[in-house]
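*Asks:* Residue numbers (my numbering): 20 to 276.
Beta carbons: idealized from backbone N, C-alpha and C, even for Gly.
Everything numeric in this text was worked out from a predicted model, so none of it was measured.
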């Protein structure tokens with residue numbers, strides 16, 4: 020279902036606010052680079068420095084609030100930086116480690132079976148973990164809960180085991196609090212850097228269940244906002260960029276004075 024005009028305006032407002040906040044809080048580096056300044060201009064170097072800073076924080080400063088705004092058009096509950104909890108049954112925690120160990124030997128993840136194992140391991144003592152926070156939490160009208168960890172477009176392959184453990188521990192924490200919970204824990208990658216080619220899922224295979232634990236680009240945004248949301252969201256970003264371009268140009272022009 021496409022977004023209506025009011026929803027689009029709200030999302031555009033969120034995008035614009037996030038970008039303007041970034042400008043207000045951004046402190047340009049004062050590195051003296053005489054050759055670069057004369058060749059490219061201070062405004063272009065300032066823009067480059069700003070872009071580097073923005074790309075570093077794009078997930079938290081742009082994608083998270085935009086994802087929450089988009090999800091608000093479809094889901095009953097939406098929250099960023101949601102605290103899952105910090106208590107897990109000892110046997111459930113052990114099952115998490117068992118799953119990880121098995122995947123290192125036989126890399127064939129099956130999230131549905133893994134969640135069943137966790138639900139069947141709700142016994143032992145209650146262990147305390149560092150409070151777990153997720154980037155985005157949404158819950159639909161049926162009470163199904165989705166916990167998203169937003170990652171960069173090209174996550175480090177060496178970190179996948181840690182990602183998997185995190186997703187399993189989130190589920191274990193939720194089950195410890197409510198064994199009947201309908202829980203989904205996933206990795207979200209906001210865009211496909213390999214476009215128009217398919218995302219290179221081979222980098223994720225082995226630890227993550229590609230059907231149950233990851234949503235990339237269109238699948239992520241359409242899940243949050245409904246079919247067609249991804250394309251409409253791109254249009255929202257483009258419109259905000261066009262509207263703010265004069266202000267952006269004025270901001271960076273001052274570096275040439």
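Give me the Cα-Cα distance between residue 200 and residue 162, rounded to the nearest whole angstrom.
*Replies:* For residue 200 and residue 162, the distance between alpha carbons rounds to 8 Å.
*Asks:* By how many angstroms is the C-alpha of residue 226 removed from the C-alpha of residue 183?
*Replies:* So the alpha carbons of these two residues sit roughly 6 Å apart.
*Asks:* Going by DSSP, what residue range makes up the alpha helix (DSSP H) through residue 156?
*Replies:* Element bounds for residue 156: not the alpha helix (DSSP H) but the beta strand (DSSP E), 145 to 158.
*Asks:* By the 10 Å Cβ neighbour count, where 16 or more other Cβ atoms means buried, how is residue 132 classified, buried or exposed?
*Replies:* When all chains shown are included, residue 132 counts as exposed.
*Asks:* Less than 8 Å between the C-beta atoms of residue 189 and residue 259, yes or no?
*Replies:* Cβ distance not < 8 Å, so residue 189 and residue 259 don't count as in contact.
*Asks:* Keeping to the same chain, check which residues put their C-beta closer than 6 Å to that of residue 26; ignore five residues upstream and five downstream.
*Replies:* Contacts found: 92.
*Asks:* If we count Cβ pairs, one from each stretch, closer than 8 Å, do we get three or more for the stretch 98 to 116 versus the stretch 239 to 251?
*Replies:* The stretch 98 to 116 is not in contact with the stretch 239 to 251.
*Asks:* Can you list, in chain order, the stretches of the beta strand (DSSP E) that have 3 or more residues and sit fully within the stretch 199 to 267?
*Replies:* 201 to 208, 233 to 235, all fully within the stretch 199 to 267.
*Asks:* How about the stretch 74 to 85 and the stretch 28 to 45: do they share at least three Cβ pairs that are nearer than 8 Å?
*Replies:* As far as the Cβ criterion goes, the stretch 74 to 85 touches the stretch 28 to 45, which means the pair count is three or higher.
*Asks:* Return the bridge partner residues of residue 104 from the DSSP annotation.
*Replies:* Residue 104 is bridged to 151.
*Asks:* Only counting the same chain, and skipping five residues up and downstream in sequence, which positions put a Cβ closer than 6 Å to that of residue 254?
*Replies:* Correct list: empty, nothing qualifies.
*Asks:* By DSSP, does residue 22 sit in helix, in strand, or in coil?
*Replies:* Coil, per DSSP.
*Asks:* Would you mind sorting residue 165 into buried or exposed? The rule is 16 or more other CB atoms within 10 Å of its CB.
*Replies:* Label assigned to residue 165: buried.
*Asks:* Please state whether the Cβ-Cβ distance between residue 215 and residue 236 is less than 8 Å.
*Replies:* No, the Cβ-Cβ distance between residue 215 and residue 236 is not below 8 Å.
*Asks:* Between residue 110 and the rest of its own chain, which residues show a CB-CB distance below 8 Å, the 5 nearest in sequence each way excluded?
*Replies:* So the qualifying residues of the chain are 140, 141, 142, 143.
*Asks:* Per DSSP, what kind of secondary structure is residue 19 in: helix, strand or coil?
*Replies:* Only positions 20 to 276 of the chain appear in this structure, which leaves residue 19 out of reach.
*Asks:* Going by alpha carbons, who is nearest to residue 175 out of 262, 67, 219?
*Replies:* Comparing Cα positions, the closest option is 219.
*Asks:* Are there 16 or more other CB atoms within 10 angstroms of the CB of residue 233, so buried, or fewer, so exposed?
*Replies:* Flag for residue 233 reads buried.
*Asks:* Using the Cα positions of residue 153 and residue 206, report the straight-line distance between them to the nearest angstrom.
*Replies:* The straight-line gap from Cα to Cα measures roughly 10 Å.
*Asks:* Roughly how many angstroms lie between the CA atoms of residue 22 and residue 29, to the nearest whole one?
*Replies:* Cα to Cα, residue 22 sits roughly 11 Å from residue 29.
*Asks:* Do residue 289 and residue 76 have their C-beta atoms closer together than 8 Å?
*Replies:* Residue numbering for the chain in the displayed model covers 20 to 276; residue 289 lies beyond these limits and cannot be assessed.
*Asks:* Do you know offhand how far residue 250's Cα is from residue 231's?
*Replies:* Cα-Cα distance, rounded: 23 Å.
*Asks:* Which residues does DSSP pair with residue 98 in a beta bridge?
*Replies:* 156, per the DSSP bridge assignment.
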